[in-house]
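Asks: Each residue of the sequence shown is one higher than the one before, starting from -7 at the first, in my numbering.
Idealized CB from N, CA, C, for every residue including glycine.
Please read these numbers as outputs of a predicted model, since none were measured by experiment.
Sharing a structure with you now.
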Amino acid sequence: MAVTKTYEGINEKIRRGEAVVVTAEEIIDIVKDVGVAKATEKVDVITTGTFGPMCSSGAFIK
């Protein structure tokens, strides 16, 4: 059975303080425990942030 979620629905859950938000690292264990279908039903948002300074760092070697 497909789970359909909308931005509007998720945003409403966020406003009410009812959204389930997990990190990319946390979702791995959730999927292992309950499977993809149940994880999709349970989780509303998966954060995938990175450490800011590393996103645009670089080096020039001459």
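Is the stretch -3 to 6 close to the stretch 15 to 30, with three or more CB pairs under 8 Å?
Replies: Output reads no: the stretch 15 to 30 does not touch the stretch -3 to 6.
Asks: In the structure shown, what three-state DSSP assignment does residue 14 receive?
Replies: The answer is strand: DSSP assigns residue 14 an E or B state.
Asks: Going by C-alpha distance, which of 35, 53 and 41 is nearest residue -3?
Replies: Minimum Cα distance to residue -3 is reached at 35.
Asks: Starting from residue 38 and walking both ways along the beta strand (DSSP E), at which residues does that stretch end?
Replies: Looking at the DSSP string, the run of the beta strand (DSSP E) that includes residue 38 is 37 to 39.
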